[in-house]
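>
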Amino acid sequence: MRRLFHNYVYRGQRRPEGLCSGANMEQVASTGKPVQITVAKGYELKGFKGDTPVTFIRAEFNQAVLGDSAKITVSSEGTAVYNFTASFEFSPEGGVTLDDLAHKPVFLTVTEVLPKEKKQKDEKTLILGQAVVDLLPLVEGESSFETMVPLHPVTGSPLEVPRPGGKQCTLEVKVSVAETLLTTAQMVGGNLLKVTLEAAYSVPESFIPVGPLQNYMAGLQVPSSGEKDYPIFFKNGTLKLGGEKEPVPRPKKWPIANILAPGATNIPDAFIVGGPYEEEDGELNHPEDREFRNQAESIKKRIIWDLESRCYLDPSAVVSFQKRIADCRLWPVEITRVPLVIQPKGKSAKFDKTDDESPLSFHGVAYVSMVPLLYPGVKRIRGAFHVYPYLDNAVYEKTKCLSSLFRDTGHHLIQNNKIGGINSPLSKPVISRSLKEDKVQASSIKSQNSDTPLETEPPLNHNPEGQQYVEAGTYIVLEIQLDKALVPKRMPEELARRVKELIPPRPPVSRRIGGAQKAVSDYHAQIKNISRAILDEYHRMFGKQVAKLENDIDSETLVEQKCQLNYELNCSGKYFAFKEQLKHAVVKIVREKYLRTTAFESQEELQTFISELYVFLVDQMHIVLNQTMPDDVQGAVPAIHTTTEQLRLFAFEAEVNENFGMAAAYYEERLAREPQNLEHWLDYGAFCLLIEDNIKAQECFRKALSLNQNHIHSLLLCGVLAVLLENYEQAEIFFEDATCLEPTSVVAWTLLGIYYEIQNNGIRMEMAFHEAFKQQQARIMKQSTGTAEYVEEGGKTESSFGPWGITNGSSTIAIKMEAPPGPGAQLSILDDFLEESSKRMSYVQEPVLSVTPQDPAVSQRPSNLFVKEIPEKREASKSQDSSMFLHPSPQGVSQSPTTIFMETIHFLMKVNAVQYVHRVLAHELLRSQGGPSCEYYLVLAQIHLLKKDFPKTEEYLQQAAQMDYLNPNVWSLQGHLNFLSGNHAEAKACYERTVSFVVDASEMHFVFLRLGHIYLEEKEYEKAKKTYLQACKRSPSCLTWLGLGIACYRLEEITEAEDALSEANALNNYNAEVWAYLALVSLKAGRQLEAEQAYKYTMKLKLKDETLLAEIHMLQETFGFGNPSF
């Protein structure tokens, strides 16, 4: 018997676990490290015959009795001092291994010794309870640990009723070894695998609790250090009828049979906690599966195991495990049912051969995807997995596994599957005829390794019992957990450190205490102080005289008072004091403003500088005195300063008109005003991507990241540029840091997945895409509760994802094209527009814009650029941040759910990263269900419009129109295509259809601009006026006001035209066309000076419209003025 047991241990199979009732099992002799288990004391004990029984402890491990303690009498307080030590040898070469320590606990059985009665030869004993000591800390590298383990009472034990005070019986235990059991290599490269089989739900209806007893089993294999795989079995599942859900949390149980105390079956501090279906890693984790899961887990039959099996993986096994996952991806978890055979009593009893040859029934398999364990930082997967019939060809095709765990490897389970026979000697494996036939099929499958196809395909009904799993919708819930992740994940601190190494943070520049501005302001303050002191002196000397004369002081009196005041100041020394008081401020101006810190080379240079300084100081003195003592003289017209949002709009218009020099000047002006605003750097970087200056774009994005290293979109754009410039290591750092800082970002995870695809890392690519989809589903569920959108009166406003963050989309309120009733109403509307402008500027003002464009003419000519999205100005809010102003909702039209790839495409298109879009489009095409979407064709049309490939653009727009004929974006893009192609008639029809929709297109600014331009060409001035009015209301710019001014001028509405043109000039006084029409308006109004000035700037800015210039010359000849060269 010992020889059979010895052979079974070394076969590589896990032997049936159970407790031996005696000491007839001997351990294999080996020289190893002793593991000592010391039981110091027991608390809250009592016995059958009283509260002070005589007890002893038996220690058992690995089906062997380690020893019994001395018989100790329990004190009246329930305490027993045992000081009992037992030990066993740890010998990884063939005895007790780390795997045994991982999944087999030490059982401590407390037994009461009853007092002898008369004529009684032997002592009688009764078991009080069992305690379980988990040896897992030794496997984790500890050399000793102490614990208080609960003593679980057996059925009928007096310990079921606690002693007064309500405390549970416990044992004080210490486990120790001389030195840690793990080598350095094992501590670094080893791992601990925990597999928990919770239950199988929705099992076939043929599973009934009555009739012959059945053993429901499941199992899987994991790589070991040897050649053979290590099997993990889950036996003795409990068939339960439906009615209610299993409670959570509930304890996990030891996979060991014949444990005496019911409570000892529970693993300490290990619980099944469940969780939302959507967060699982299995197959039934979609919203549409929720109803089926709820019914299956509450109403239908199920088999409950709740067992946790552990397996220690040494470094070689970890490498093999990791390689097997990468190669096979899916792991077969088998499930079967085997009849329990009652063991006959008596030594002469014999088994029938037919009983031993019982074939497997209801043999099924679940395909568990283990790929998530290769994701960085992932240590646990849990989910539900469908059960399919076990068919050799299907299992091999999916898992590359040639043998069945139960059929080919686990025959002993069938032979030992007898009630009371768990520890019986192993009999010779017997293979039934059906199993032999399956072996033949398995051998034919092996021929696939030599690219030889199977000669015969097994029919679908090859496993009719297993097919019932599919019909019933059976699935198992399984958890696989590792102590350490197979693929370590970079810590956020490490990623942040590496980002800082690549791009050092640049704190905002502190304001200088000195400087030219500070020197001038100090000079102003001194002038104010001195002027007040002089006024006080004047009132002291002439206050009474002035009070008597009041305002009747003549000039002679004032001159006399001035002489007397100067005499008094000189005589008293106050004049000298005032000069000394002012000297320091003047010195600061010389040094800070004029940068003069060295001696002058000549007297002439000195005199020239003194004259210049004197003029400046006097002018500044007058400014201060006028502010301190204002007079009735009207001040100069204040200069109009455009906001950074307006500059962004002007830059966008210049981009569309292909005036890249002007666009760059506007972007640089924004940076000059607010160099610490990272959004300005991101906008400039996106512009550089548009003109394909990737190096400069990278500099801009890195500058933005240096201002805020936690800004997600700066990190993403730095990563995109790193990929485009083939700096892949840096790209991975940027993308990973973005996902760490913002784990809910769909775009960040998707871009990380695209990066892994470029690196041919398919597993990590799947991980990133899965996480992106998971986060998108979570966001959709949150939005469905009403947190992401709200309804306004007359329209709906949506939350959208702009490039720099979550922004508000444009309103979807329909704007009619109906004209207001009568010219009076039209004039009032125009007045309302003009009142919204907080700063006005006369059209005769000199140009003061600080930018110097390369081409000052900004016209409404056709563009070969695709029109990006820009916002419409809201009436309710006149001030909005730049991200809201620049990036409206891309989903302003359709409420249909978008994919993770389309969401990423929108982000990339908005930042002009067209070179990166193609890879994402490929995934969108592959992953989209039911074929490409309308959005997919729209993006393709946009890309080809950027490339000036008009035929391809037309083709994709036709595809988009067939899928969604009522999509305003389709019609607006079709209008742009026709406009750029020169087909203004078709463009006009498309634009009019776009404007007539109740829901706006993603961008409407250039729809109105170009539609108004067509109306002007066709001399439909009234329609042009209405169109430009709407454009001015939504997003006013120089071009919108110019178009409105032209329409009003052609309608002979000179006053309205002048007002509109003045607004256009105030926003951009470098537009030659604006000055030209101002010249026409001034000529018709009869104002010669204004006409000459407007004409002067028209010629200075080089008006390119010869027809308009000829019209000006004709009016100048007609009225006889307006051209100074006459």
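Numbering (my numbering), first residue to last: 329 to 1454. Beta carbons are placed, not taken as given, at the ideal position from N, Cα and C, and that holds for glycine. From a predicted model like this one, the values you see are computed outputs, not experimental measurements.
(1) Tell me which residues share the same chain as V1409 and place their Cβ nearer than 7 Å to its Cβ, disregarding the 5 neighbours each side in the sequence.
(2) Compute the Euclidean distance between the alpha carbons of M698 and I653, then round it to the nearest angstrom.
(3) List the whole-angstrom C-beta distance separating W633 from E526, where the pair is believed to meet the contact cut-off of C-beta under 8 Å.
(4) Secondary structure at Q391, three-state DSSP: helix, strand or coil?
(5) Please state whether DSSP places A1385 in a helix, a strand or coil.
(6) Can you give me the Cβ contacts of Q795 inside the same chain, cut-off strictly under 6 Å, excluding the 5 residues immediately before and after it?
(7) Would you mind reading off the limits of the alpha helix (DSSP H) that contains A585?
(8) For Q667, which residues does DSSP report across the bridge?
(9) Here's the rule: buried if 16 or more other CB atoms are within 10 angstroms of the residue's CB, otherwise exposed. What is N791?
(10) Considering only residues of the same chain and omitting the five flanking positions on each side of A1025, which have a CB-CB separation below 7 Å?
(11) What are the start and end residues of the beta strand (DSSP E) that includes G370?
(12) List, from N- to C-terminal side, the beta strand (DSSP E) runs of 3 residues or more that fit wholly inside the segment 1239-1273.
(13) Going by CA-CA distance only, name the one from S1330, V1335 and A982 that's closest to E1320.
(14) Out of C1028, I627, T425 and N1306, point me to the one whose CA is closest to V1239's CA.
(15) Tell me which same chain residues have a C-beta within less than 6 Å of the C-beta of L1411, skipping the five on either side of it?
(16) Taking 8 Å as the threshold, find out whether the segment 409-420 comes into contact with the segment 620-631 through three or more Cβ pairs.
(17) If contacts are defined as beta-carbon pairs under 8 Å, then F937 and R924 qualify, I think. What distance do you get, rounded to the angstrom?
(18) Less than 8 Å between the beta carbons of I804 and A694, yes or no?
(19) Using the three-state DSSP reduction, which class does Y803 fall into: helix, strand or coil?
(20) Looking at the strands, I want to know which residues DSSP matches up with L525.
(21) Expressed to the nearest angstrom, what Euclidean distance is found between the alpha-carbon atoms of F561 and S1256?
(22) Which two residues bound the contiguous alpha helix (DSSP H) that contains F690?
(23) Got a sec, what are the start and stop residues for the beta strand (DSSP E) T439 sits in?
(24) How big is the Cα-Cα spacing for T1355 and Y1083?
(25) Here's the rule: buried if 16 or more other CB atoms are within 10 angstroms of the residue's CB, otherwise exposed. What is A1422?
(26) Return yes when the Cβ of L1035 is within less than 8 Å of the Cβ of R834, no when it is not.
(27) Compare the beta carbon distance of I1228 and V1267 with 8 Å and say whether it is the shorter of the two.
(28) Identify, in the order they occur along the chain, each residue of the same chain with its Cβ nearer than 7 Å to the Cβ of Y995, setting aside the five sequence neighbours on each side.
(29) Residue range of the alpha helix (DSSP H) that L456 falls in?
(30) By Cβ distance, which residues of its chain are closer than 7 Å to Q1105, with the 5 residues on each side in sequence left out?
(31) Counting only the same chain and skipping the five closest in sequence on each side, list residues whose C-beta sits under 7 Å from that of S534.
(32) Between the C-alpha atoms of Y851 and Q889, what's the straight-line distance to the nearest angstrom?
(33) Rounded to whole angstroms, what's the CA-CA distance from I385 to L635? Just pull it up for me.
(34) Give the straight-line distance between the Cα atoms of A1142 and D1328, rounded to the nearest whole angstrom.
(35) With contact counted as at least three CB pairs below 8 Å, one residue from each stretch, are the segment 570-579 and the segment 638-647 in contact?
(36) Compare the C-alpha of L719 against each of F713, L730, R710 and A1313 and name the closest.
A quick look at the data gives this:
(1) Y1377, I1382, A1385, E1386 and L1389, listed in sequence order.
(2) Rounded to the nearest angstrom, the two C-alpha atoms are 6 Å apart.
(3) Going by Cβ atoms, the distance from W633 to E526 rounds to 7 Å, so yes, they are a contact pair.
(4) The answer is coil: DSSP assigns Q391 none of H, G, I, E or B.
(5) When secondary structure is reduced to three states using DSSP, A1385 falls in the helix class.
(6) Contacts found: P717.
(7) Per DSSP, A585 belongs to no alpha helix (DSSP H) and is neither H nor E.
(8) Reading off the sequence, residue 667 comes out as Pro, not Gln. Per DSSP, Q542.
(9) N791 comes out buried.
(10) Contacts found: G1013, C1016, L1017 and L1049.
(11) In the DSSP assignment, G370 falls within the unbroken beta strand (DSSP E) covering K361 to Y371.
(12) Listed in chain order, the beta strand (DSSP E) runs fully inside the segment 1239-1273 amount to none, counting runs of at least 3 residues.
(13) Of the candidates S1330, V1335 and A982, the one whose C-alpha sits nearest the C-alpha of E1320 is V1335.
(14) The residue from C1028, I627, T425 and N1306 with its alpha-carbon nearest to that of V1239 is C1028.
(15) Excluding its 5 nearest sequence neighbours in each direction, L1411 has C-beta neighbours in its own chain below 6 Å: A1419, L1443, F1447 and G1450, listed in chain order.
(16) Not touching, per the Cβ criterion.
(17) About 7 Å; that satisfies the 8 Å criterion.
(18) Going by C-beta atoms, I804 is nearer than 8 Å to A694.
(19) In the structure shown, Y803 adopts extended strand secondary structure according to DSSP, grouped into three states.
(20) Paired residue(s): L635 and L806.
(21) Computed Cα separation, rounded: 40 Å.
(22) Not the alpha helix (DSSP H): F690 falls in the beta strand (DSSP E), residues S689 to S697.
(23) Counting along the chain, the beta strand (DSSP E) containing T439 begins and ends at V434 to V441.
(24) If I take the Cα positions, the gap works out to 45 Å.
(25) Buried is the call here.
(26) Yes, they are a contact pair.
(27) Between I1228 and V1267, the C-beta spacing is not below 8 Å.
(28) Taken in chain order, the residues that qualify are A979, D1011, Y1012 and F1015.
(29) First-last for L456: T453 to V461, but that is the beta strand (DSSP E), not the alpha helix (DSSP H).
(30) E606, listed in sequence order.
(31) Q796.
(32) The C-alpha of Q889 is placed about 27 Å away from the C-alpha of Y851.
(33) Straight-line measurement puts the Cα of L635 at about 27 Å from the Cα of I385.
(34) Per-residue confidence for A1142 stands at a pLDDT of 33, beneath the threshold of 50, marking its modelled position as unreliable; no derived number is given.
(35) The segment 570-579 vs the segment 638-647: no contact.
(36) The candidate whose alpha carbon is nearest that of L719 is L730.
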